[in-house]
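Asker: Before I ask anything, here is the structure I am working with.
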Amino acid sequence: IMVVIEQKWSRAGHLFFRVHAANVGDSRAFLLRRDGSFVTLSADHKPNDPDERQRIESAGGHVKKMGNGIWRLDGSLALSRAFGDFRLKQEPSLPADAQRVVAVPDVVQTFAEPGDILFLACDGMFEARGMTWSGVAALLKESLEEMRGDLPRVAYKLLDSAFTR
């Protein structure tokens, strides 16, 4: 995931931020608004997604649910988009955006205001039991309030929560 934030000023003189997020894979990002709501900035790229699966199979790949319940591309990769994994991007007759694995990002643009929090995390944070989008956002909000905005302590609490679930 990559996020670029631009500082802007409205015509009325109010500070705001333009947020651009691009992601490939299954790391995630969201904006936690001051009111506790959140805006997702990424989407997981998994091989069992119908559009991803169609591209993979059209490129000669296979998608299979493994014994542990995880869907995998060609029995190995649990992602359908990645910057690496070049061995799955070697079909010479296909353009780069039609390979079994592609590096084409999803791009999201939104606005943020002072006091909003940008949260980025790898897939491990969200794969723990109960660590859904809304679960992590609620835990982040609660931790920020409890720890009075002490971001290192908040980060530690979130990591600890993911490890112990």
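Heads up: the sequence shown begins at 370 in our numbering, then just goes up one per residue.
Yeah, the Cβ is synthetic: ideal placement off N, Cα and C, and Gly gets one too.
Computed from a predicted structure; not experimentally measured.
1) Less than 8 Å between the CB atoms is what I'm expecting for F399 and F480, so what's the real figure, rounded?
2) Does the separation of the CB atoms of I370 and S411 fall below 8 Å?
3) Among the candidates E496, V476, Q468, whose CA atom is the shortest distance from the CA of G438?
4) Going by Cα to Cα distance, which pick from D492, A447, M516, R397 is closest to V470?
5) Rounded to a whole number of angstroms, what is the C-alpha to C-alpha distance between E460 and W502?
6) How would you label V347, buried or exposed, when you count the other beta carbons within 10 angstroms and need 16 or more for buried?
7) Mapping DSSP to helix, strand and coil, what is T501?
8) Which partner residues does D492 have in the DSSP bridge list?
9) In angstroms with no decimal places, state the Cα-to-Cα distance between G493 and A381.
10) Do you know how far the Cα of L384 is from the Cα of E515?
Answerer: Answer, in terms of the structure:
1) Not really, about 14 Å apart at Cβ, beyond 8 Å.
2) Closer than 8 Å, so yes.
3) E496
4) Minimum Cα distance to V470 is reached at A447.
5) Between E460 and W502, the C-alpha separation is close to 35 Å.
6) The chain is shown only over 370 to 534; residue 347 falls outside these bounds and no answer can be derived.
7) coil
8) Answer is none; D492 lacks a bridge partner.
9) 42 Å
10) 27 Å
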